[in-house]
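Q: Protein sequence lines, in the order shown, are assigned to chains A and B. Numbering-wise, the first sequence is residues 34 to 493 according to the numbering used here. Numbering-wise, the second sequence is residues 34 to 493 according to the numbering used here.
Protein chains: 2
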Amino acid sequence: MSRKVPYRLYLTEEQMPKQWYNLRADMKEKPDAMLNPATAKPVTFEDLCPVFCDELVKQELDNQTRYFDIPEEVQEYYKVYRPSPLIRAYNLEKALGTPAKIYFKFEGNNTSGSHKLNSAIAQAYYAKKQGLNGLTTETGAGQWGTALSEACAYYQLPLTVFMVKCSYEQKPFRKLVMQTFDAKVIPSPSDTTDIGKKILSEDPLTGGSLGCAISEAVEKAVTTPGYRYVLGSVLNQVLLHQSIVGLESKIAMEILDEYPDIVIGCAGGGSNLGGLIAPFMQDKILGKNNARFIAVEPASCPSLTRGRYAYDFCDTGKVTPLAKMYTLGSGFIPSPNHAGGLRYHGMSPILSKLYHDGYMEAVAVEQNNVFEAATFFAKQESILPAPESAHAIACAIDEALKCKESGEAKTILFGLTGTGYFDMSAYSAYHDGTMTDYLPDDAQLEEGFKSLPKIPGIQE
Amino acid sequence: MSRKVPYRLYLTEEQMPKQWYNLRADMKEKPDAMLNPATAKPVTFEDLCPVFCDELVKQELDNQTRYFDIPEEVQEYYKVYRPSPLIRAYNLEKALGTPAKIYFKFEGNNTSGSHKLNSAIAQAYYAKKQGLNGLTTETGAGQWGTALSEACAYYQLPLTVFMVKCSYEQKPFRKLVMQTFDAKVIPSPSDTTDIGKKILSEDPLTGGSLGCAISEAVEKAVTTPGYRYVLGSVLNQVLLHQSIVGLESKIAMEILDEYPDIVIGCAGGGSNLGGLIAPFMQDKILGKNNARFIAVEPASCPSLTRGRYAYDFCDTGKVTPLAKMYTLGSGFIPSPNHAGGLRYHGMSPILSKLYHDGYMEAVAVEQNNVFEAATFFAKQESILPAPESAHAIACAIDEALKCKESGEAKTILFGLTGTGYFDMSAYSAYHDGTMTDYLPDDAQLEEGFKSLPKIPGIQE
Chain A
34 MSRKVPYRLY
44 LTEEQMPKQW
54 YNLRADMKEK
64 PDAMLNPATA
74 KPVTFEDLCP
84 VFCDELVKQE
94 LDNQTRYFDI
104 PEEVQEYYKV
114 YRPSPLIRAY
124 NLEKALGTPA
134 KIYFKFEGNN
144 TSGSHKLNSA
154 IAQAYYAKKQ
164 GLNGLTTETG
174 AGQWGTALSE
184 ACAYYQLPLT
194 VFMVKCSYEQ
204 KPFRKLVMQT
214 FDAKVIPSPS
224 DTTDIGKKIL
234 SEDPLTGGSL
244 GCAISEAVEK
254 AVTTPGYRYV
264 LGSVLNQVLL
274 HQSIVGLESK
284 IAMEILDEYP
294 DIVIGCAGGG
304 SNLGGLIAPF
314 MQDKILGKNN
324 ARFIAVEPAS
334 CPSLTRGRYA
344 YDFCDTGKVT
354 PLAKMYTLGS
364 GFIPSPNHAG
374 GLRYHGMSPI
384 LSKLYHDGYM
394 EAVAVEQNNV
404 FEAATFFAKQ
414 ESILPAPESA
424 HAIACAIDEA
434 LKCKESGEAK
444 TILFGLTGTG
454 YFDMSAYSAY
464 HDGTMTDYLP
474 DDAQLEEGFK
484 SLPKIPGIQE
Chain B
34 MSRKVPYRLY
44 LTEEQMPKQW
54 YNLRADMKEK
64 PDAMLNPATA
74 KPVTFEDLCP
84 VFCDELVKQE
94 LDNQTRYFDI
104 PEEVQEYYKV
114 YRPSPLIRAY
124 NLEKALGTPA
134 KIYFKFEGNN
144 TSGSHKLNSA
154 IAQAYYAKKQ
164 GLNGLTTETG
174 AGQWGTALSE
184 ACAYYQLPLT
194 VFMVKCSYEQ
204 KPFRKLVMQT
214 FDAKVIPSPS
224 DTTDIGKKIL
234 SEDPLTGGSL
244 GCAISEAVEK
254 AVTTPGYRYV
264 LGSVLNQVLL
274 HQSIVGLESK
284 IAMEILDEYP
294 DIVIGCAGGG
304 SNLGGLIAPF
314 MQDKILGKNN
324 ARFIAVEPAS
334 CPSLTRGRYA
344 YDFCDTGKVT
354 PLAKMYTLGS
364 GFIPSPNHAG
374 GLRYHGMSPI
384 LSKLYHDGYM
394 EAVAVEQNNV
404 FEAATFFAKQ
414 ESILPAPESA
424 HAIACAIDEA
434 LKCKESGEAK
444 TILFGLTGTG
454 YFDMSAYSAY
464 HDGTMTDYLP
474 DDAQLEEGFK
484 SLPKIPGIQE
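#1: Do the stretch 36-50 of chain B and the stretch 427-442 of chain A meet, that is, are 3 or more Cβ pairs less than 8 angstroms apart?
#2: Can you pull the chain B neighbours of A:Q212, defined as C-beta to C-beta under 7 angstroms?
#3: Let me see if you follow: with CB-CB separation under 9 angstroms, is A:F447 close to chain B or not?
#4: Can you tell me whether DSSP reads B:Q492 as helix, strand or coil?
#5: Please report the straight-line C-alpha distance between B:T172 and A:H464, rounded to a whole angstrom.
#6: With A:L472 as the anchor, note down where its alpha helix (DSSP H) starts and where it stops.
#7: Going straight from the alpha carbon of A:A122 to that of A:T213, what length do you get?
#8: For A:N166, is the classification buried or exposed, using 16 other Cβ atoms within 10 angstroms of its Cβ as the cut-off for buried?
#9: According to DSSP, is A:Q156 helix, strand or coil?
#10: Just to confirm before moving on: does the CB-CB distance between B:Y188 and B:A160 stay below 9 angstroms?
#11: Mark A:F313 as exposed unless 16 or more other C-beta atoms lie within 10 angstroms of its C-beta, in which case mark it buried.
#12: Closest Cβ-Cβ distance between B:M457 and chain A: below 9 angstroms?
#13: Distance, Cα to Cα, B:A343 vs B:Y359?
#14: Is any beta-carbon of chain A found at less than 9 angstroms from that of B:V396?
#15: When you compare the CB of A:I135 with every CB in chain B, is at least one pair closer than 9 angstroms?
#16: To the nearest angstrom, how far is the alpha carbon of A:A216 from that of B:E421?
#17: Counting Cβ pairs, one atom from each stretch, are 3 or more of them under 8 angstroms apart for the stretch 351-358 of chain B and the stretch 392-405 of chain B?
#18: What are the boundary residues of the alpha helix (DSSP H) that A:T353 is part of?
#19: Between B:Q413, B:P64, B:F482, which lies nearest to B:E126 when the distance is taken from Cα to Cα?
#20: Taking contact to mean at least 3 C-beta pairs separated by less than 8 angstroms, is the stretch 296-308 of chain A in contact with the stretch 267-283 of chain A?
#21: Does B:D290 have its Cβ less than 9 angstroms from a Cβ in chain A?
#22: Going along the stretch 412-426 of chain A in order, which residues come within less than 7 angstroms of chain B, judged by CB to CB distance?
#23: By a C-beta neighbour count over all protein chains shown, 10 Å radius and 16 as the cutoff for buried, is A:K198 buried or exposed?
#24: Against chain A, with Cβ distances strictly below 9 angstroms, would B:P205 count as a contact?
#25: For B:Q176, count neighbouring C-beta atoms within 10 Å of its own C-beta (all shown protein chains included) and say buried if the count is 16 or more, exposed if not.
#26: Going by CA-CA distance only, name the one from A:R341, A:V398, A:H371 that's closest to A:S363.
#27: Answer yes or no: does any C-beta atom of chain B fall closer than 9 angstroms to that of A:T444?
#28: B:T452 CB to nearest chain A CB: under 9 angstroms?
#29: Tell me the rounded alpha-carbon separation between A:D80 and A:D95.
#30: With DSSP run on the structure shown, which of helix, strand or coil describes A:Y292?
#31: Classify B:I277 as buried or exposed, calling it buried when 16 or more other Cβ atoms lie within 10 Å of its own Cβ.
#32: Look up B:S147 in the DSSP assignment and give the residues it is bridged to.
#33: Kindly indicate which three-state DSSP category A:T360 falls into: helix, strand or coil?
#34: For A:L89, I'd like the list of residues in its chain whose CB is within less than 7 angstroms of its CB, leaving aside the five on either flank, ordered along the chain.
#35: Identify which residue in A:L209, A:F410, A:E46, A:E480 has its Cα closest to the Cα of B:A459.
#36: In this structure, how does DSSP classify A:Q189 when only helix, strand and coil are distinguished?
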């Protein structure tokens with residue numbers, strides 16, 4: 034049997050990108066600047082340096098530089114687990130009976146189990162290079178914490194991870210993986226920070242939240258000499274590092290003489306989607322294509338489809354700068370759903386701006402549909418997807434079925450960000466028919482919007 | 034930074050093997066024939082057909098055919114998750130400060146998490162082609178059961194898995210993965226078979242064993258119309274299918290202009306090791322190299338290093354044919370250790386013969402050493418290995434350190450069969466310093482040897 038396009042295409046080391054791509058450089062309207070909440074002025078290099086590594090602050094604030102060289106040491110580490118394959122989903126196409134060509138970029142084949150390692154390595158590298166004593170971060174589902182633990186173990190950099198308490202208790206294996214990589218894992222809220230103590234005093238039985246864990250991690254970083262804080266999504270710098278995903282995808286598609294008509298990714302904080310679409314969105318902005326871009330979010334945490342485009346804090350404790358983004362309000366408590374990585378009140382300012390300006394679409398999907406798609410996909414493609422990634426699968430299947438109706442052989446590309454080995458209790462609930470969803474009603478959303486900050490002259 | 038050998042080498046689809054290699058065809062002395070326990074005569078095609086698919090029986094009994102064509106449908110399925118990468122462990126080499134070149138073939142990048150899928154696909158394919166109604170099998174740690182579930186879901190073939198009861202209870206996630214792929218999973222011993230009922234009546238609280246689960250699966254297969262039994266290791270047919278691992282490795286090394294001085298693999302039933310070494314052992318038998326081959330087994334279940342070369346049953350219930358192999362006796366109850374996939378009383382007859390004839394070495398390693406190696410490796414290579422695979426890592430590190438002492442730049446190839454995502458409780462025990470090992474004393478081994486069958490005129 035001969036065919037032009039292989040099931041899996043791996044780039045050679047020579048073909049791998051040597052620079053990250055900064056989509057902001059090509060955006061006609063830039064994302065609004067982050068604000069210092071104390072002054073309501075755009076944040077400066079000096080504002081951010083106590084929190085983040087110097088080099089990462091530069092990347093965060095740079096709207097102009099189109100390409101950043103990937104440091105040689107980071108390129109070397111990338112080669113330990115990259116390139117990730119671009120996979121043609123022949124079996125899925127056949128099972129759906131669609132004329133569409135479905136491709137996916139699979140980022141799950143590393144021990145962290147997701148794309149998160151791409152940015153973790155970069156951030157740990159810059160921290161080491163700056164001679165820092167250690168890092169702090171937070172983790173929800175555990176993928177980011179695992180990725181950063183791997184990277185910090187490699188660079189022999191101490192790491193403290195604040196893990197959302199309910200995840201800490203429900204996912205002991207994730208915690209054990211981080212500990213295997215020498216990370217110190219603390220359930221959040223904890224009594225090791227002032228904000229943690231305050232939250233615990235108000236609600237001693239709370240299971241915690243990502244926003245609260247961020248507050249603790251930031252506090253710990255700024256109060257520990259030589260420490261800095263790192264974040265796995267939302268920020269511009271993270272999308273920059275994740276552009277490796279899109280750049281590799283584009284090179285691989287060029288080799289195959291393909292180009293996507295539709296690019297699809299799940300969206301929580303936006304790092305995977307922002308990375309995947311970056312070079313294709315560049316083409317669209319420059320008028321070179323008319324591709325569609327679709328962000329897929331859980332119906333239980335619908336920041337793009339039902340949120341407001343406003344300045345908001347990135348955390349519950351309100352210690353971070355203010356970012357202009359689609360948000361449900363930092364006071365919005367996302368209902369428990371099984372895609373922990375998508376349970377965040379806000380959305381990357383870059384993606385928010387693109388969505389606001391009409392460059393990108395967004396859809397929200399319900400949980401049972403997500404797991405139906407995940408299970409169907411697993412049987413065809415022999416990969417057990419993470420619940421987060423399965424949001425993109427559900428949308429890709431929908432688009433492929435539309436092609437079946439219309440008879441169009443569109444080329445679909447989606448991001449398969451990770452594997453679901455640590456999510457089997459969710460699969461079990463789906464399998465047993467006991468999976469429920471928690472869709473916020475308008476009153477709940479209004480309650481969340483009340484937490485949006487008032488900024489005189491900017492946001493009343 | 035330029036270097037000749039990349040971190041990861043993936044073959045293209047065109048470079049992938051199109052035939053399996055049958056090592057028996059080149060062995061100067063063939064493994065002794067399996068015996069029918071009722072007649073003490075070599076088993077025939079007719080003896081085995083009620084238990085196994087016809088095509089697989091042919092492969093099992095064929096000592097002569099050097100290459101078997103991989104059916105085109107199986108080649109297609111292989112392309113869904115293969116080729117697996119041949120990885121140069123640059124970081125490990127550097128951390129050890131060894132002049133040795135360390136390569137490993139990584140089979141863990143598929144949802145079953147191990148090499149087991151290579152044979153599962155072949156066996157499910159032949160069963161489907163024969164028009165069977167379904168299959169039965171057993172699983173211990175769960176990797177084989179998961180792999181076969183994936184393959185059967187793909188071919189839409191019903192599957193019943195007897196899962197060793199203590200694993201069923203300790204590893205609920207493994208069970209859930211199998212159920213996601215539509216397998217019926219039954220804890221063994223169960224009341225669904227006569228042998229299960231008998232074992233339960235003797236010991237209602239037993240946690241089960243692999244030998245006992247095999248007995249139940251075989252009974253279920255031969256008493257259910259249109260069903261057959263399939264096994265994930267030990268058998269000649271399984272080693273034949275697993276030769277894909279060694280064949281790919283050899284092609285990749287040829288591309289790199291490399292050849293291993295030492296080939297290392299963990300050994301439970303022998304499928305991974307037998308597959309990995311096959312084409313290199315062919316060269317050795319034909320006098321083309323003088324490579325060393327090392328089987329690594331747990332000190333708690335030392336079939337090669339402390340067992341007897343004798344005819345024995347493959348299962349506890351004594352329903353299978355008799356195989357000539359290194360064995361601890363089918364009555365030997367392996368102490369609980371964390372490498373469930375290596376907890377088997379016997380060893381592949383092919384590997385047993387090679388070891389007996391001096392073509393292969395064997396070492397036994399203790400559990401704490403295994404996890405020390407696993408953790409060290411994970412931090413260098415960003416892959417969390419399965420405990421089984423970590424046995425090979427421990428040995429590879431030992432050999433690399435010997436090279437450091439002697440100053441020899443040997444080329445080491447080992448098999449990294451799988452990932453350890455479902456083994457975090459074992460990693461946790463190592464991390465906490467509570468990991469123990471259970472080494473059988475001579476009296477315990479003697480007790481096991483008493484269960485060896487007496488076969489008039491052959492084995493008294």
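Cβ coordinates follow ideal geometry from the N, Cα and C atoms, glycine included.
A: If we stick to the structure as given:
#1: no
#2: H464
#3: no
#4: strand
#5: 21 angstroms
#6: From DSSP, A:L472 is part of no alpha helix (DSSP H); its letter is neither H nor E.
#7: So the alpha carbons of these two residues sit roughly 34 angstroms apart.
#8: exposed
#9: A:Q156: helix per DSSP, three-state reduction.
#10: yes
#11: Burial state of A:F313 is buried, judged by a 10 Å Cβ sphere holding 16 or more other Cβ atoms.
#12: yes
#13: 6 angstroms
#14: So no, B:V396 is outside the interface.
#15: Taking 9 angstroms as the threshold, the shortest C-beta distance from A:I135 to chain B does not fall below it.
#16: Rounded to whole angstroms, the separation of the alpha carbons of B:E421 and A:A216 is 25 angstroms.
#17: no
#18: A:T353 -> no alpha helix (DSSP H), and no H or E assigned at all.
#19: Nearest of B:Q413, B:P64, B:F482 to B:E126, Cα basis: B:Q413.
#20: yes
#21: For B:D290, the answer is no, since every Cβ of chain A falls outside 9 angstroms of its Cβ.
#22: K412, E414, S415, I416, L417
#23: buried
#24: yes
#25: Counting Cβ neighbours within 10 Å, B:Q176 comes out buried, since at least 16 surround it.
#26: Out of A:R341, A:V398, A:H371, A:R341 has the C-alpha closest to the C-alpha of A:S363.
#27: no
#28: yes
#29: 15 angstroms
#30: coil
#31: buried
#32: DSSP lists B:G451 as partners of B:S147.
#33: strand
#34: Q156, Y159, Q270
#35: A:L209
#36: coil
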